[in-house]
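Engineer: Okay, handing you the structure first.
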Amino acid sequence: MSESKDRQSPKLSRRSAALAGLAAIFVIALLINFLADKVSLRADLTEYKSYTLSEGTGNILSRLDTPVQIRYYVTDDRKVMSPGERSRARRVEDLLAEFVRAAPTKEIELTNEAGEFETKKVKMLTVKKLNPVPNTDAEDSAIIDGLQAGVSGETNNELYFGIAIQCLDSVEAIPFVPARPETSLEYDLARAVSSVHDGKNKKIVVMSGMAIGGGFGGNFQAPPQQPWMFYELLGKDYEVEVIPSTSTEIPAGTSTLIVVHPYDITAEGQFAIDQYLLQGGNVIAFVDPNFFYARALAPQGQPQMPGMPPQGGPAPSSDLDTLFKAWGVKYDSNRVLADLDFGSEI
Numbered sequence: 276m277s278e279s280k281d282r283q284s285p286k287l288s289r290r291s292a293a294l295a296g297l298a299a300i301f302v303i304a305l306l307i308n309f310l311a312d313k314v315s316l317r318a319d320l321t322e323y324k325s326y327t328l329s330e331g332t333g334n335i336l337s338r339l340d341t342p343v344q345i346r347y348y349v350t351d352d353r354k355v356m357s358p359g360e361r362s363r364a365r366r367v368e369d370l371l372a373e374f375v376r377a378a379p380t381k382e383i384e385l386t387n388e389a390g391e392f393e394t395k396k397v398k399m400l401t402v403k404k405l406n407p408v409p410n411t412d413a414e415d416s417a418i419i420d421g422l423q424a425g426v427s428g429e430t431n432n433e434l435y436f437g438i439a440i441q442c443l444d445s446v447e448a449i450p451f452v453p454a455r456p457e458t459s460l461e462y463d464l465a466r467a468v469s470s471v472h473d474g475k476n477k478k479i480v481v482m483s484g485m486a487i488g489g490g491f492g493g494n495f496q497a498p499p500q501q502p503w504m505f506y507e508l509l510g511k512d513y514e515v516e517v518i519p520s521t522s523t524e525i526p527a528g529t530s531t532l533i534v535v536h537p538y539d540i541t542a543e544g545q546f547a548i549d550q551y552l553l554q555g556g557n558v559i560a561f562v563d564p565n566f567f568y569a570r571a572l573a574p575q576g577q578p579q580m581p582g583m584p585p586q587g588g589p590a591p592s593s594d595l596d597t598l599f600k601a602w603g604v605k606y607d608s609n610r611v612l613a614d615l616d617f618g619s620e621i
């Protein structure tokens, strides 16, 4: 009998060890779940850091001194949203959570119920998630914020999937979240937060011989041009004024001067820019020795002499030689600045 017991003991030991191992794994799993609720650990493992806020967004959020609220409207219904749309909704929620984490908490004066001022610590950016079910206060709020129900591209159901950003009385809306929110949503949100918080308190002047704001770009034989995209985008956040390259002075109150292909600039125009710089102004200058778009505006079938502007259109070459020399800017018209990773063929 003793030999039989001795033979069985190794089996019992292995079984006991296996049970102990399973029990240990179970306990570890419980601890991980418990700690996950108590400790916030985040790692962005995406290739392009899709869920890591950019430095520019961080700068915008860090200077908030008036509370901003983001209202996230999403039809939270499995019957309405497809699995892909629900996944997108979660990614948007994760991005909004990053905005909240990056926003500061500051002490501000608030009025209590007694009408007295008191100082409280307030998070400068908060998010409120709303499910705008038909005939509810949430749907009324979405409509007031300028959102409308769209149609799911996958289920053909009507749904809300938009965002409103508010600071005091200023409200901006993103009517529908893009199909790939990681590509542009951070920029759209940061721009909207900056816009409602700061308002259009800066004036940008664009100086150019081109029809930046629309109209005839030096060729009256061609149909009027549409406003340039960058001009329209600037207009969302700033007061924008366009002046010709032949201007003899820069408008008062200009916070930044953008000079775009000044092919027809005069000595007086360069002197005006120089005086603006001497007063502490900011200038962004874009010159081009061979502007492709200017060539495209030239009337077809008309001769062009080398080095001369197309007849009826803007010259393809621009420079600010006098200004560059005065300010020590080195410009080589034979060198090209290009993005080798994201270039587009023309």
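For the sequence shown, the working numbering begins at 276 and goes up steadily by one. For each residue, glycine too, the CB sits at the ideal point set by N, CA and C.
Can the beta-carbon of Pro589 be found closer than 9 angstroms to that of Phe567?
Structural biologist: No, they are not a contact pair.
Engineer: Given a cut-off of 9 angstroms, decide if Val452 and Phe436 are closer than it, judged by their beta-carbon atoms.
Structural biologist: Result yes, Cβ atoms of Phe436 and Val452 sit closer than 9 angstroms.
Engineer: What separation, rounded to the nearest whole angstrom, lies between the Cα atoms of Thr430 and Val349?
Structural biologist: Thr430 and Val349: Cα-Cα distance of roughly 15 angstroms.
Engineer: Can you look up Thr341 in the DSSP assignment and give me helix, strand or coil?
Structural biologist: Coil at Thr341, not helix or strand.
Engineer: So, at 8 angstroms on beta carbons, what are the nonlocal neighbours of Val426 in its own chain, with the 5 sequence-adjacent residues on each side left out?
Structural biologist: If we look at Val426 and ignore the five residues flanking it on each side, its Cβ neighbours are Asn432, Glu433 and Leu434.
Engineer: State the DSSP-derived secondary structure class of Ser620, mapped to helix, strand or coil.
Structural biologist: For the record, residue 620 in the displayed sequence is Glu; it is not Ser. The answer is coil: DSSP assigns Glu620 none of H, G, I, E or B.
Engineer: Taking contact to mean 3 or more Cβ pairs, one atom from each stretch, closer than 8 angstroms, check whether the segment 325-334 and the segment 380-387 are in contact.
Structural biologist: Output reads no: the segment 380-387 does not touch the segment 325-334.
Engineer: Please name the residue, chosen from Glu330, Arg376 and Arg570, that lies closest to Tyr462 on a Cα-to-Cα basis.
Structural biologist: Comparing Cα positions, the closest option is Glu330.
Engineer: Near Phe561, what residues of its chain come up, given a Cβ to Cβ distance below 6 angstroms and the 5 sequence neighbours on each side ignored?
Structural biologist: Here the set comprises Val535.
Engineer: The alpha helix (DSSP H) that contains Ala364, what's its start and end?
Structural biologist: Note, Ala364: alpha helix (DSSP H), Pro358 to Ala377.
Engineer: Going by beta carbon distance, what residues of the same chain come within less than 8 angstroms of Leu267, once the five residues before and after it are set aside?
Structural biologist: Residue 267 is absent from the structure shown; the chain starts at 276 and stops at 621.
Engineer: What three-state label does DSSP hand Thr332 in the structure shown?
Structural biologist: Three-state DSSP puts Thr332 in a helix.
Engineer: Using the Cα positions of Thr529 and Leu464, report the straight-line distance between them to the nearest angstrom.
Structural biologist: Cα-Cα distance, rounded: 26 angstroms.
Engineer: Give me, in chain order, the residues of the same chain whose beta-carbon lies closer than 7 angstroms to that of Leu509; leave out the 5 immediate sequence neighbours on both sides.
Structural biologist: Contacts found: Ile479 and Val515.
Engineer: What are the partner residues of Leu297, as DSSP defines its beta bridges?
Structural biologist: None; Leu297 has no bridge partner.
Engineer: Starting from Ala590, trace the alpha helix (DSSP H) both ways and give me its first and last residue.
Structural biologist: Taken as a continuous stretch (DSSP letters only), Ala590 belongs to no alpha helix (DSSP H), as it is neither H nor E.
Engineer: Alpha carbon to alpha carbon, what distance is there between Ile518 and Arg610?
Structural biologist: Looking at the two C-alpha atoms, the distance is approximately 29 angstroms.
Engineer: Applying the criterion that 16 or more other CB atoms from any shown protein chain within 10 Å of the CB defines a buried residue, is Trp602 buried or exposed?
Structural biologist: Trp602 comes out exposed.
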